[in-house]
Structures are given as C-alpha cells and as structure tokens.
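For the sequence shown, this note's numbering begins at 1 and goes up steadily by one.
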Amino acid sequence: MKYDAENVFAKIIRDEAPAHRVYEDDSTLAFMDIMPQVDGHTLVIPKCPAVDIFDVPAEMLTRTIAVTQRVAVAVRSAFSADGVMVAQLSGAAAGQTVFHLHFHVLPRHAGIDFRLHAKDVAPEAVLAEHAERIRQALPAD
Ligand code: 5GP
1 MKYDAENVFA KIIRDEAPAH RVYEDDSTLA FMDIMPQVDG HTLVIPKCPA
51 VDIFDVPAEM LTRTIAVTQR VAVAVRSAFS ADGVMVAQLS GAAAGQTVFH
101 LHFHVLPRHA GIDFRLHAKD VAPEAVLAEH AERIRQALPA D
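Next up, the structure:
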C-alpha cells in the first residue's frame, strides 16, 4: 500500500488534527488513543511516512520502540498497572485501521478485560487528564 499523507496520524504530526500529546521529539510522537480500549491507551508513532512495520527504516523503528518503552514505563506508573500490553497491527487483515505505523500501549490490570477496538470516543476532558498523568510519569532521558 502506498503511504497516504492525508491519514489522520499524518495530520496530527503536522498539527492539522488535534491530539492529546504525551511525548514528542524530532522523530517520534506519543498521544492518547481517541477510542481507548482501556484508560491510558496511548499510541506511539514515528514522524516519518511509514504505512506499517514493513515500510519503516530500521533506524526509525529502533527509535520508535525506544520511545514506546519510555511511554510504557510512564503508563504503568500513571495507571498503577499490573502489566502493559504493547501491540502493533500491520495490514488490514491484522486489524490495522490507520495506515501510519503505530504502537499501542495499554495498561492492564489483572482480571480486567479491554474494550472493543476503535469503538467509543472518550470525552476530551478524560483524555486530557490521562495525558497529563502520563506526562508527569515519563522517565528522564
Ligand atoms: P489500528 O486499528 O490501526 O491498529 O489502530 C488505530 C487506532 O487509532 C485505534 O485504536 C483508534 O482508536 C485510533 N484512532 C483512530 N482515529 C483516531 C484519531 O483521530 N485520533 C486518535 N488520537 N486516535 C485515533
């Protein structure tokens, strides 16, 4: 699949679409998933145009997964999680719905299931509060 520069994550990178950002540097961006499957569901993306795991230079993937680890540390702390699920879907057949490479970071609590994928939009105020909690919990560089 050819990369579509008008996909919603590309617009978020360019600040043409809103998002509750939790972390940003020259090459990566992390923000709240608008339809969280659990409270604290965060997405981490490279800023380079990459459709999926098959379409990203290894160096960019390395940087993105390093940021994913930092975000996972913050999410675990901010939501007192028992565990953290990191997921990456490549290709429609795998369930991918936004065709800009991203890693899902979901805090998980024992015995609590996650909600349906990309279904219910969370209130802005809730996403803002969760983003602030994660920003506060980010480890130092
Ligand atoms: P995928 O299905 O591609 O693995 O995941 C795409 C994710 O992006 C879903 O979890 C969905 O809730 C989220 N999402 C879809 N549109 C938007 C949006 O406009 N803003 C944000 N922040 N997340 C989105």
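Cβ coordinates follow ideal geometry from the N, Cα and C atoms, glycine included.
Taking the beta carbon of residue 32 as the centre, do at least 16 other beta carbons fall within 10 Å, making it buried, or is it exposed?
Buried, because 16 or more other Cβ atoms sit within 10 Å of the Cβ of residue 32.
Round the Cβ separation of residue 78 and residue 108 to the nearest angstrom and send it over; I've been treating them as touching at under 8 Å.
Not really, about 13 Å apart at Cβ, beyond 8 Å.
Does the segment 89 to 104 touch the segment 40 to 58, meaning 3 or more C-beta pairs lie closer than 8 Å?
Yes, they touch.
Assuming residue 21 is part of the beta strand (DSSP E), what are its boundary residues?
Residues 21 to 24.
Give a yes or no on whether the C-beta atoms belonging to residue 36 and residue 127 are separated by under 9 Å.
Yes; because the gap between Cβ atoms is below 9 Å, this pair is in contact.
In whole angstroms, what separates the C-alpha of residue 73 from that of residue 1?
Their Cα atoms are separated by approximately 33 Å.
May I ask which residues mark the beginning and end of the beta strand (DSSP E) holding residue 1?
Here residue 1 belongs to no beta strand (DSSP E), and DSSP marks it neither H nor E.
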